[in-house]
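Counting in the working numbering, the sequence shown tops out at residue 85, every number present.
Note that CB positions come from ideal geometry on N, CA and C, so glycine has one too.
If you're wondering where the values come from, they're calculated on a predicted model, not measured in any experiment.
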Amino acid sequence: MALRWKLLVGLGIALITLGLGADWPPQTDSSLPNTKSFFLFLGGVVGISGLVIGLTRDK
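Printed below as a string of structure tokens:
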């Protein structure tokens with residue numbers, strides 16, 4: 027169980043790093059979200075959920 031939250035936090039950090047570090051091509055369809063902001067949002071949600079799981083279950 028302790029491994030799950032560490033993996034979620036690591037995945038969240040990886041997604042945020044990918045969103046910040048990669049040079050994404052310009053957006054072609056205006057109805058879709060920007061790739062950079064999507065990875066930042068998804069990484070934040072995954073990372074926060076991993077922290078919440080880690081804080082509530084590892085006692």
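For residue i, three-class secondary structure by DSSP
i     : result
LEU68 : helix
THR54 : coil
Whole-number beta carbon distance between residue j and residue i, since they are thought to touch under 8 Å
i     : j     : result
GLY80 : ILE39 : At roughly 14 Å, the Cβ-Cβ gap does not stay under 8 Å, so GLY80 and ILE39 are not in contact.
Start and end residues, alpha helix (DSSP H) containing residue i
i     : result
ALA28 : 28–47
Short Cβ contact (8 Å threshold) for residue i with residue j
i     : j     : result
LEU68 : VAL35 : no
GLY45 : LEU66 : yes
Cutoff 8 Å; reference residue i; Cβ partners in own chain excluding five residues on either side
i     : result
LEU33 : GLY76
SER63 : GLY45
Own chain partners of residue i with C-beta closer than 6 Å, once the 5 adjacent residues on each side are dropped
i     : result
TRP31 : GLY76, ILE79 and GLY80
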